[in-house]
Each structure stands twice: as structure tokens, then as C-alpha cells.
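Here this note's numbering is used: the first residue of the sequence shown is 142, the next is one more, and so on. Some notes on the structure that comes next.
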Amino acid sequence: MLIERTFLQKLILFLKGLAMGAANKVPGVSGGTVSFVFGFYEELIYSFRKVNLKAFKLLLNGRFKSFYRYVNGSFLLLIMGGSIFSYFSISLVLDYFLVNFELYVWSWFFGMIIGSIYYIGKDFGEWSFKNILSLIIGASIGIGISFLTPATENDNLWFVFVCGIIGVSGMTLPGLSGSFILILLGNYVLLLVDSVNVLFSVVTSVLSGDFTVLSDPIKIRYLKIISVFTAGSAFGLVSISHVLGYVLKRWNQIVNAVIIGFITGSLGIVWPWKKAVFLQEHGNFLIDKKGNKIVENYERFVPNFSDLETWTAVFYIVLGVLLILGIDFYGRKKK
């Protein structure tokens, strides 16, 4: 399945990685959905499945070129490189818009997910009883997850490793938001806010020649946490991809029906009209180490259609749908 790509194709693939990385960071939005819609989902799963015993043997024997080709290295570097770069670029812009234009951002995502459901479902084929049942099961799970109450923070390293496995699932399972799952597990702030901030602080200090940070027990604790989380994420990417590759090969339509249902169910998470509810161990909000409140859950409400803001949000929903339809039209035209 190794594909030779032109420079333009590589650039487009990197941009798709940017989009997937930005989606992965937003609670309620799945990077896996982005990969599904942009048409590189199966190659992503295939490439992660290639990280196996044979790949490690090639690596240990010093056959780096063979290893690179075997794991589809060019593709993985472009996609993962785009995703990582996105965290420090596109996703920062997204953070700004989420803070200042939250309703419109959620509306845009809501529209894109509606468009994605059409995009994935249009070529599905026959809707047999098994497929319809799978769709209902997927939608029920997605809706159920959207109404769960978040747990409290847990920094046990074994639990952090499990968080890595589950949190990375948003890249491999369309419709499942890894960030939202981390919120439900109670470790979103610990793993994606505090630990990342400490890592950035340590790296900048070391690069400037200050090595005293490496003797700070608090910073060492956070470095251990993010290292274990990263290891869990890497393990999760490979293991979940192997399972998905197997089930996609054997029960392709059923799995796709579950995915369509799951994405449909996730609309409950991305519903634009909601107000923030804060949670903590002994109250209604969660605070980070600086005392800032962190949004952990939402109460959804029906919009007021006599309000101009509501119709502006509806416009962004339509815009999101049209964006996906435009991608579909462009893909058909290329064929």
C-alpha cells in the first residue's frame, strides 16, 4: 500500500495532519472523523499496524531505510508532523476563537459533523438489519458518552498509561473525541494543560542552560506523568490500529455502520447552544494550579430563534456542512 507522492500531494497530506491535530485538541471533536472525511483513514490504520515485531527487528538490525519504507514512514511523518505542528500553531488560533467566539466555533464543528455523516453514509451500500442495529448501537454509545459526568483527577502512573491508550483513540476511532474522554476520566487538565506547560517550561530552561529545573521534584513528577502518558498513547495507537485493521477487514460494513452511528451520537457533545458547568471534587468547578477555572462539562439549551446571534450560528452550521460537501465535490471531480 506504499504510495509515491508528489511534493504537492505531500503538502496537502501535511495540511490534513494540521486539521487532524487541531480537531484532536478540541473536546468533542474527533481527529479520526477528519481522517475519515479527508480520505486517509484506512492508510492511517494500515501504517500504524505496520509498527510490529518485524518493524522492530528491522530497526534493531540497523536497516533504517527498510524500516522507514515498511512502516510507510513518509506518510506517518507528514500526518503526525502536521498534527504535532498544529498543537503549537493552528490549534492556538483555534483556542483563541473558542474563547472569543465559542458559539460560532461549535456551530461550525456541528455543521461539519452533519456533513461528515452524509459524506461517510452516501456510499455505504445496503442497510440490512445488522447494519441498522450497528448504527443504533454506535449512536447510543455516542449519546451516552456525551451525558456522562467527569471523574476526579488521578495521577497514578498506571491510570495515566491507560489514559494515554484511551485518549489517543480519537485519532483512530471516528466520532470518539480523545480530549473529551480525558475530561470524563478526570485527567484532561493534568495531562493536556499542566504537564504540557511544565514540559515546555523544562525544555526552554534546559535550552537556555538552566539545568536546575531537573532537580525540582514537582517538575520531575510532571515529566514522569507526560512520559507515561506518551508511552500509553504510542501503545494505544499501535494496538487499537491492529484491532481496527482486523475488524475492518472482516466486518467492514458493520464497523462503518457503528462509526456512522457513533459520529451521529457525538453531535450531542458538539451541540453549539450550551453553557459551561464547572466541576471539582467539592463543588461545581475545576481549577488548575494557577487558580484558573477549567470548563469540564456543559448544560445544553434550546436556542432563541428571535435572536440574531442564533441565526449567525445557524449560518456557521450551514457553512460547516457546505465545507464537507465541497470536499466531496472536489474528490468526485478529481476522479
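Even for Gly, the Cβ is constructed at its ideal location relative to N, Cα and C. Predicted, not measured: the structure shown is a model, and the values here were computed from it.
DSSP bridge partner residues for residue i (one or two, in chain order)
i	result
Arg441	Lys415
Whole-angstrom distance between residue j and residue i, CA atom to CA atom
i	j	result
Asp296	Ala375	19 Å
Ile282	Leu194	34 Å
Ser380	Ala160	24 Å
Ile273	Pro358	54 Å
Leu325	Leu185	26 Å
Glu294	Leu408	26 Å
Ile400	Lys206	35 Å
Leu201	Val384	25 Å
Leu348	Trp392	50 Å
Asn445	Leu466	28 Å
Gly173	Phe251	15 Å
Phe226	Ile322	22 Å
Ser230	Phe238	13 Å
Val192	Val212	6 Å
Asn241	Gln394	41 Å
Ile458	Ile361	44 Å
Asn338	Leu332	10 Å
Leu420	Gly327	Unreliable positioning characterises Leu420 in this predicted model, as indicated by a pLDDT of 48, which lies under 50. The coordinate reading is nonetheless provided below. Rounded to whole angstroms, Leu420 to Gly327 spans 10 Å at the Cα level.
Lys271	Val234	42 Å
Leu289	Gly308	16 Å
Ser447	Arg441	18 Å
Ile149	Ser215	Going by the sequence as given, residue 149 is Leu instead of Ile. When rounded, the distance between both Cα atoms is 14 Å.
Ile284	Lys198	43 Å
Ala372	Val388	24 Å
Leu364	Leu298	11 Å
Asp264	Ile258	11 Å
Gly350	Val344	10 Å
Lys390	Glu267	18 Å
Ile367	Phe208	27 Å
Val396	Ser275	8 Å
Leu449	Ser224	35 Å
Met253	Tyr260	10 Å
Ser342	Tyr329	19 Å
Ser269	Leu464	30 Å
Ala102	Ser171	A query on residue 102 cannot be resolved here, the shown segment of the chain reaching from 142 to 476 and no further.
Ile277	Trp452	31 Å
Gly180	Ala454	28 Å
Ala398	Phe300	31 Å
Asn425	Thr405	In this prediction, Asn425 has a pLDDT of 43, which is less than 50 and means its spatial position is unreliable; nothing more can be read from the coordinates.
Gly203	Leu460	50 Å
Ser356	Gly162	32 Å
Phe470	Arg210	32 Å
Leu340	Phe352	13 Å
Contact belief for residue i with residue j at Cβ below 8 Å, rounded distance in angstroms
i	j	result
Met221	Gly279	Actually they do not touch by this definition, with Cβ atoms about 27 Å apart.
Phe370	Ser336	7 Å
Val354	Ser346	4 Å
Val462	Gly256	4 Å
Ala164	Val175	5 Å
Phe403	Pro315	7 Å
Met312	Leu378	7 Å
Val443	Trp412	Going by Cβ atoms, the distance from Val443 to Trp412 rounds to 10 Å, so no, they are not a contact pair.
Ser320	Phe189	Going by Cβ atoms, the distance from Ser320 to Phe189 rounds to 20 Å, so no, they are not a contact pair.
Arg146	Leu154	7 Å
Ser287	Ile468	Not confirmed; about 25 Å, so no contact.
Gly386	Tyr187	7 Å
Phe219	Lys151	Looking at the sequence provided, one finds Leu at residue 219 rather than Phe. Leu219 to Lys151, Cβ: 6 Å. Contact.
beta-carbon residue i near the ligand NAP non-hydrogen atom, thresh 8 Å
i	result
Glu145	This structure lacks the ligand NAP; in fact it carries no ligand of any kind.
Checklist line | Continuous beta strand (DSSP E) assignments of at least 3 residues falling wholly in the region 148-215 | finding: Listed in chain order, there is nothing to give.
Item checked: Complete alpha helix (DSSP H) runs within the region 263-335 (minimum length 4 residues, chain order) -> Along the region 263-335, the alpha helix (DSSP H) occurs as fully enclosed runs of 4 or more residues at 270-287, 298-308, 310-313 and 319-326, listed in sequence order.
Next item on the list: Mind the definition here: the region 301-311 touches the region 243-261 only if three or more C-beta pairs lie below 8 Å; say whether that holds.
Entry: In the pairwise beta carbon analysis, the region 301-311 is classified as not touching the region 243-261: fewer than three pairs are separated by under 8 Å.
Next item on the list: Please go through the region 323-395 and give each complete beta strand (DSSP E) segment of 3 or more residues, from N-terminal end onward.
Entry: You should have found no qualifying run.
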